[in-house]
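Just below is one structure, and these are the notes that go with it.
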Amino acid sequence: MEIQTLNPTTPRQRQRIEAFLKRNGLRFDDMHYYAAITDDDGEMIAGGGLKGNVIKCVAVDDAHKGEAIANTLISHLIAHANEEGHSNVMLFTKPKNRQLFESLSFRLLAEAPEAVLMETGIGGINNTVEALKRIREESEKYKEYNKECKEDSKECKENSEECKEEEKTNLNISTPHHLTTSPPQPLTTSTPPRGVVVMNCNPFTLGHRYLIEQAAKQVERLFVMVVREDCSLFAYAERKAMVEQGVAHLKNVTVIDGSEYAISQATFPTYFLKRLDDAADTQMLLDLDLFRRHIAPALGATVRFVGTEPTDRLTRRYNQLMHEVLAGVRETARLEKEGNAVSASRVRKAMEQGDMSTIRQLVPPTTLPYIIAHLATQALQAELDTTPKPGLVDKDNNGAHRDMDYALMQRSIDTLHPYFLQLALLGCADALPTHTAIRDIGIEAERAMLSATNGVNTHKGALFSMGLAVVAAAHEENTDSLQATIKTLAASFPDTNGTHGSKAKLLSKGTTAIKGALDNAREGYEMLFAEWLPFYIEHRKERDAHTLHKTLLRIMCDLDDTNVIYRTDLATAEEVKQEARALLDNFSKAHTAEDKEKRIAAELLALKDMDKRYTARNISPGGAADMLSLTIFIGSIQT
């Protein structure tokens, strides 16, 4: 017998794994590594896989059970996981296999009727429990400190009262008040409970804050645990930061890291369940049992708070199971606005619709910078994903850029996101930030971008225009003032040298009034607000599938694209404008639905042809691409 390594992502090898699992009554599950034990004839007789540090899809043919093959296989998988940097390894299995894996040094973490969760190795759940205990101890120290402060304050107050009464005695020759009061009542021995709220906060809303505020009134200390799994619109670090800032006014609330032991869709297997319908309940029950066995005791928590769930079926089922499994569950009615529950899903829908007024009604001010930064990043992503584009990087090709591709542009966008958040937080101050404050963040962002792209200038122009708009959007509650605020911010920036815009002006030799990025910003992007934004919003409302293609062409019709001028000349830049207008006119000439479908297909082919020609001639309307991103962003906050 020998151990072979199979790659589950390779079709032929996956088929071999699937056939073996099916023979043993199991289904294939997501894995990055699979080990197979074969007999002398090369037939697979045992196998098991890994997804991160989770062992999955373990099976041994009936004819070879009892031959210690499972020991060899599991030892191999643990060793491989250790080599990949995992000090502890987990597995999900059927309850009947619990004893077998306990003999292989696995310990039980949680159990449900259809599955158990076990782990082996160094640290693991013990490290998590010890970390939670330290958090609890710190909260108790804080409580004792507050108690001492209150007692000192009380003693000072009593001494002051005593002095006053003594003065009254000297004047009135009466018995001091503090000698006639009844003896003090014994302190109550009942200790207020500690509670826990577990929430995802994608993003953090007024509804989340309301639940935490109501829960905090009922306990001595409330721990808010943010779901760690990163499969949400907002990353875990941002979601936790939103919660921390949103509950900073509540002194008995502690925001803690999400448990790494939350049962997630990424880790929980369904391959051994008889019906896929069993998966959701089993996953929830294991998650709740982990909380009951480990997390709640470590925090000393006896109450778990949850909001009612009027819409989501799975969350409602989770709440139901929580009542069945845990003691001390308290359910709070959801906060409502205009007859509907305030929810993160409503906020995300408003983000999709560009409805900032609704967003402001559903989230606390501390959440807004995160939403604005996300919308800015989303706008850059939308521009990048628009395909085909003439001479620009898209999903199909690199356009006229030999030093850029889609992956590099994607890496640049991801790198810039934290800096958009910094700019949004800067804009939230009562006073407009200074040019120096904005510039310093911009310089840091540019350095990070160049580091991530190996020195390639992917988004310098977009960083400037988007950065100003992000600061303005965060500062102005009334989006009607957005253009004026951008003008004010841009006015503080000095003239630039060495940019494509400044070089394009030199190339024009004063024959044409070329406007660079700073000039357009100082004018508050007049064409954008007057022409491009209404055009974009109109087509978006019509659910036009090619809104972004058409908006890009609309911008190319008007913009003195300094990137085009810098790469070619003024005559070519004018030619680009004329060709964009002709192509846009053809997009709009269709009347019947059938004619429209044919014309769109033809125009997409024309765009691809333009892309080929522009690539060959080194034409790249990068300025128009930046303005498309900015139009999308402003359209997402100003309908």
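Count along the sequence shown from 1, then add 143; that gives the number in the numbering used here. Note that beta-carbon positions come from the ideal geometry of N, C-alpha and C, so glycine has one too.
{"Query": "Neighbourhood of P326 by C-beta, 8 angstroms cutoff - its chain only, sequence neighbours within 5 removed", "Result": "Its pLDDT being 37, under 50, P326 is placed unreliably by the model, and the measurement read from it follows with that caveat. Closer than 8 angstroms at the Cβ level, and outside the excluded window around P326, lies no residue."}
{"Query": "Rounded C-alpha distance that separates P576 from T622", "Result": "18 angstroms"}
{"Query": "Cβ pair P533, Y757 closer than 9 angstroms", "Result": "yes"}
{"Query": "At least three beta-carbon pairs within less than 8 angstroms, the region 563-577 to the region 722-729", "Result": "no"}
{"Query": "First through last residue of the beta strand (DSSP E) which encompasses Y177", "Result": "Y176 to T181"}
{"Query": "CB contact flag (D420, V468, <9 angstroms)", "Result": "no"}
{"Query": "D528 versus G471: straight-line alpha-carbon distance, rounded", "Result": "49 angstroms"}
{"Query": "H466 burial status per 10 Å Cβ neighbour count (16 or more: buried)", "Result": "exposed"}
{"Query": "Supposed close pair H175, L193 - CB separation, criterion 8 angstroms", "Result": "6 angstroms"}
{"Query": "Counted within 10 angstroms of its Cβ, other Cβ atoms place R155 as buried (16 or more) or exposed", "Result": "exposed"}
{"Query": "Alpha carbon of Q781 to alpha carbon of E381, nearest angstrom", "Result": "24 angstroms"}
{"Query": "Whether V362 touches G401 by CB criterion (9 angstroms)", "Result": "no"}
{"Query": "Every unbroken alpha helix (DSSP H) inside the region 586-616 [4 residues or more]", "Result": "none"}
{"Query": "Cβ-based burial, K684 [other Cβ within 10 Å; buried from 16]", "Result": "exposed"}
{"Query": "Nearest residue (CA-CA) to L349, options T215, V599, G389 and L365", "Result": "G389"}
{"Query": "Inter-residue Cα distance where the pair is G443 and F171", "Result": "40 angstroms"}
{"Query": "Run of the beta strand (DSSP E) containing E262, from where it starts to where it stops", "Result": "A258 to G264"}
{"Query": "Span separating the alpha-carbon of T639 from that of N462", "Result": "58 angstroms"}
{"Query": "Residue range of the beta strand (DSSP E) that includes M547", "Result": "No beta strand (DSSP E) contains M547, which DSSP labels as neither H nor E."}
{"Query": "Residues bridged to K480 (per DSSP)", "Result": "N483"}
{"Query": "Q361 in three-state terms, based on DSSP", "Result": "coil"}
{"Query": "L429: CB within 8 angstroms of a non-hydrogen atom of the ligand MN", "Result": "Summarising the ligand content, the structure contains no ligands, and the ligand MN is consequently not present."}
{"Query": "Exposed unless 16 or more other CB atoms sit within 10 angstroms - verdict on E273", "Result": "exposed"}
{"Query": "Three-state secondary structure (DSSP) of A378", "Result": "coil"}
{"Query": "Beta-carbon proximity list for D373, same chain, < 8 angstroms, skipping 5 on both sides", "Result": "Y379"}
{"Query": "Alpha-carbon to alpha-carbon, F235 and V201", "Result": "10 angstroms"}
{"Query": "Under 9 angstroms between C-beta atoms of I657 and T711", "Result": "no"}
{"Query": "Secondary structure, beta strand (DSSP E): runs of 3+ residues fully inside the region 198-280", "Result": "231-236, 250-255 and 258-264"}
{"Query": "A714 to D701 span [Cα, whole Å]", "Result": "14 angstroms"}
{"Query": "Reduced DSSP category for T715 - H, G, I as helix; E, B as strand; rest coil", "Result": "helix"}
{"Query": "Cβ neighbours of P512 in the same chain (closer than 7 angstroms, five flanking residues each side left out)", "Result": "L564, A567, L568, C571 and A617"}
{"Query": "Which listed residue (A423, R166 and K755) has its alpha carbon closest to that of E186", "Result": "R166"}
{"Query": "Candidates M609, D173, S779 and E161: closest to S499 by CA position", "Result": "As written in the sequence, residue 499 is Met, which differs from the Ser given in the question. Measuring from the Cα of M499, the nearest candidate turns out to be S779."}
{"Query": "Assumed close pair S218, I265 - CB separation to whole angstroms, cut-off 8 angstroms", "Result": "About 16 angstroms separates the two Cβ atoms, so there is no contact after all."}
{"Query": "Pick from T520, D662 and E281 that is closest to L365, judged by C-alpha positions", "Result": "E281"}
{"Query": "Coil, strand or helix - A123 by DSSP", "Result": "Within the shown structure, residues of the chain are numbered from 144 to 782, placing residue 123 beyond reach of any answer."}
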